[in-house]
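Chemist:
Protein chains in written order, with the working numbering: chain G, 1 to 130; chain E, 131 to 657; chain C, 658 to 1115.
1) Quick one: list the residues of chain C neighbouring residue 64(G), beta-carbon separation under 8 angstroms, in chain order.
2) Helix, strand or coil for residue 447(E), going by three-state DSSP, please let me know.
3) Restricting to runs no shorter than 3 residues, where is the beta strand (DSSP E) found entirely within the segment 942 to 969 of chain C?
4) With a threshold of 16 other CB atoms inside 10 Å of the CB of residue 392(E), please say whether the residue is buried or exposed.
5) What residues from chain C crowd round residue 56(G), counting only those whose CB sits closer than 8 angstroms?
6) Can we say the segment 424 to 444 of chain E touches the segment 908 to 920 of chain C, given the rule of at least three CB pairs closer than 8 angstroms?
7) Tell me, to the nearest whole angstrom, how far the beta carbon of residue 237(E) is from that of residue 514(E); I am working on the premise that it is less than 8 angstroms.
8) Does DSSP classify residue 10(G) as helix, strand or coil?
9) Determine whether the Cβ of residue 83(G) lies closer than 9 angstroms to any Cβ atom of chain C.
10) Going by beta-carbon coordinates alone, are residue 645(E) and residue 769(C) separated by less than 9 angstroms?
11) Taking the straight line between their C-alpha atoms, what separation do you get for residue 87(G) and residue 795(C)?
12) Assign residue 624(E) to one of two classes, buried (16 or more other C-beta atoms within 10 Å of its C-beta) or exposed (fewer than that).
13) Quick one, are the C-beta atoms of residue 473(E) and residue 459(E) less than 9 angstroms apart?
14) Around the C-beta of residue 471(E), are 16 or more other C-beta atoms found within 10 angstroms, so that it is buried, or is it exposed?
15) Leaving aside the five residues before and after residue 948(C) along the sequence, list all residues of the same chain whose C-beta is less than 7 angstroms from its C-beta, in chain order.
16) Which runs of the beta strand (DSSP E) spanning at least 3 residues fall entirely within the segment 231 to 315 of chain E, listed in chain order?
17) Need the endpoints of the alpha helix (DSSP H) that residue 1131(C) sits in, please.
18) Classify residue 104(G) as helix, strand or coil using the three-state DSSP reduction.
19) With H, G and I counted as helix, E and B as strand and the rest as coil, what does DSSP make of residue 418(E)?
20) Keeping to the same chain, check which residues put their C-beta closer than 7 angstroms to that of residue 656(E); ignore five residues upstream and five downstream.
21) Here's a check: name, in chain order, each residue in its chain whose Cβ is nearer than 7 angstroms to the Cβ of residue 108(G), leaving out the five neighbours to either side.
22) Quick check: what's the CA-CA separation for residue 3(G) versus residue 649(E)?
23) Which residues share a DSSP beta bridge with residue 726(C)?
24) At a CB-CB cut-off below 9 angstroms, which residues of chain G make contact with residue 648(E)?
25) Residues of chain G with CB closer than 8 angstroms to the CB of residue 593(E), please, in chain order.
26) For residue 578(E), which residues of its own chain have a beta-carbon under 8 angstroms away from its beta-carbon, when the five flanking residues on both sides are left out?
27) In chain order, what residues of the same chain lie with their CB nearer than 6 angstroms to the CB of residue 915(C), ignoring the 5 residues before and after it?
28) Based on Cα-Cα distance, which residue from 604(E), 540(E), 170(E) lies nearest to residue 558(E)?
29) Using a Cβ-Cβ cut-off of 9 angstroms, state whether residue 858(C) counts as contacting chain E.
30) Please state whether the Cβ-Cβ distance between residue 549(E) and residue 369(E) is less than 9 angstroms.
31) Counting only C-beta atoms, is residue 72(G) closer than 9 angstroms to chain C at any point?
32) I need the DSSP call for residue 917(C), collapsed to helix, strand or coil.
33) Helix or strand or just coil, what does DSSP make of residue 327(E)?
34) Let me check understanding here. Comparing Cα to Cα, which of 765(C), 741(C), 739(C), 759(C) lies closest to residue 751(C)?
35) Could you give the distance in angstroms between the alpha-carbon of residue 329(E) and the alpha-carbon of residue 280(E)?
36) Have a look at residue 478(E) and residue 285(E) and give me their C-alpha separation to the nearest angstrom.
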């Protein structure tokens, strides 16, 4: 099952419970501990296509638990460079290691200034405490 | 008051006999050479030629399908054994909200089995199926009166099928008015059953959700804001999914009607209002009726059902075909003085050119019509009204019982208004104070040999329990249910882990649904 | 009347007191404007014996397959359903539960679904099966919806050999999807392959055929699959489940989705329903399947068990994005189908299929020899064939009915003037010979009556 609740300081967060790890003009996306905990056991993740364009605040894929389907919202805009096929085969990685092996896509960002609008770990913790 | 609840086992240390009995499938009982059916010889004069002289071998199977090879006693034992691994309505209270689990009268089964019904071929010449057509026509008239709408089609096979029919009728109506292209939206309340939005998409429309106000009704401001010339239809159920009758119903239907939309009534909750209020009088154009809910067709573990629709005059031209027509002849045909003057006909698209067409094969789920018509005949108008009264009385009594004690504390009512035939509690306090979820309460109820309520629906209520006892239950069984929930909550105060690990006494315990979803095994590997 | 309730007058008073109201009317929080202020205009309730009598009288006015010799088919057939089907499906434990939302107390129903799915995948040669949809023609429409989702195209090409009622149903649904529907005619009883190749294009989501087709002929699925797949379309076949016992499995011949009417599998005729529809598909469609699907799993103690699998496809979770809107389907009827298949068993289904082939070919030869009768085609058939003749069909049927025979289903105009004749194992050689005799008389009489009328008019 999932790890302890955590929100790493080196990540930025979107209010729809997504995280982004920014590395220059590239970023890795996934869903937060809170998101995977609300969903329960993730049973299906369909990795999107490499090369697809995704837009900030818009869904780019879905994750399914036994009794819920949830859109995954892009925290930033860009083009998909790489997808986590491993999480497609073993979707439980999204539960057990949401910030590590449970990552979803790597993206080439189109506008790095969008990052400013994202929350930091403290801001996100406040949001989910509400 | 009922007798004190005897607490069921709270561990699974000693498996029950049924738990020790591992599930085996009919294929695992198969032994080559065993059989049940005897197939006669063809009897074709001159004897049988090899089959590939009649059908070229490239069109034939190489190997027979791997069906089980079992004798008749083995089939009977196998399925009897399976049957004991089901809980059913005839075994106890089954208060599944929005499902109307009422008694299934056995006279209905008897009359459905009459050869004149059960062995009537659907392509029989209508002139030689007059009894069936009269039955269908009579059921149509009864449903028309109950719904307060003049025309009925029995064709849809379930509520969801009726919904799709209603939306296709809506499309045909707007097409005839020339504005099908601009009316692209269907309004549904955020409390709607999942079939509503799914049907909307299948019919090529876009779902627009309307908010619920603090009374549990439609938020009129939100409705007004979202109602414009793009609206094709409003889909609503009243009493709604919370069991509450919307006091503003006339205003709601008026707003949408004025904007040019049609009004669709989801009849899932009709059991609350039969003989007391009619969807047609509320301003609705199209109603589907779940014969497997209000009209006592057995649910069969997930069907069959039927979802006839009743419609207003403005929708009538588009009804599905074939339609039944009652024709009164001027005089009796032929010399037989007492020959019937009335006949029933099936009319197709040539007589109803504006029809949306057919939604399925033949005339619909006739066997369901027989059962539901028998039910209506048994109860009569008064009996139907009384059934609704008792359903509402039972729900309110159970709510009163569950407003006391621990249930009142841990499972507060979601919207504090007088409900009709069902009510929705929130398990939010149980979750907060006892650290058990609604699911845990539901699973522990199984150990009390009771079917749990509908859980986690409607979606807008946190940890929802939706309870519909129906008119079938006695006061004792309602008390017994309230007492069982009370006992579960008392037990959870002492040790919440008991509910979290429940059930203990069922044929199997909690199942790994995540595993089944991650690696679906949806057929047996026959090697 | 009882109304099937148990609350006595005293109990009612006590319950109202517990609620804190003085009358039941107070419980109806219904505004005056929409309250029905009169009794329903329906007859008074009847006793059980009276209900029986009324229903028996209605039933007696139907000519059923027990009171006449039935050669009617077109999707539903007068097979013998063994007594064990009724005995098992009328058990309370199968008859009266709801959909298995609580799997711990629904293992019987869930396991039966799993067994049914296994049997249908065996019959169709496809790896996935739904636990059952409503009935035949609406499964054809449901397959179309899947094809739109899978191909993102919105055009259907339908063989004229598909049951007209299935084609009508597909057209009705397609007004909503939306999708266009084009029809390809038959040539000598089979889908015209050249016309098909011409009709299928890069916008085609699916090609639809029937197997055997509506006029009884066995389509060459492999050739049709090649045409469909070359264009990137799916091939959908509406199948007769009994015929699948002997015919090449559609999945082995390139079919992507096999659907059909389940009534022939041990279900009553019931004037058209309830029966069940089946829906099988290739692995690629697993997340687009409509309806319930049972899956095998284990419980917390490691015991084998069954649950509803892949529920996230369904309306109660995915709502407007669901793969289909279906909820209540036909679980009990599918259970009846599974019991019937167990009863026939591996060998029995083949024997039944071969019996049908032999008697049907015999019947076709016998009727073809009747004066005035022609065959619509002479392709191999399994259980049904079409004849044409030059006399008013209604008149011929009336004559046969007066001799106690339901001779067949009138052909739609597109096929010709004649009948579709169906054979089951309940139709004996003697009955077939009798049909030939009565049909011959009927045609002769209808012709002479027609000739007389022409004389009068002339």
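Backbone N, C-alpha and C fix where the C-beta goes; we use that ideal spot for every residue, glycine too.
Modeler: According to the structure shown:
1) 969
2) helix
3) 951 to 955, 961 to 965
4) buried
5) Under the 8 angstroms cutoff, chain C gives no residues; its nearest Cβ is about 22 angstroms from residue 56(G).
6) no
7) So it is not a contact: roughly 16 angstroms between Cβ atoms.
8) coil
9) no
10) no
11) 37 angstroms
12) exposed
13) yes
14) exposed
15) 787, 788, 789, 790, 936, 981, 983, 986
16) 281 to 283
17) What the structure shows of chain C is the stretch from 658 to 1115, and residue 1131(C) is not part of that stretch, so it cannot be assessed.
18) coil
19) strand
20) 157, 196
21) 25, 26, 78, 79, 81
22) 23 angstroms
23) 1062(C)
24) 41, 42, 43, 44, 90, 91, 92
25) Result: empty, since nearest Cβ-Cβ is about 13 angstroms, beyond 8 angstroms.
26) 135, 138, 614, 617, 618
27) 781, 783, 894, 896, 907, 937
28) 540(E)
29) no
30) yes
31) no
32) strand
33) helix
34) 765(C)
35) 24 angstroms
36) 13 angstroms
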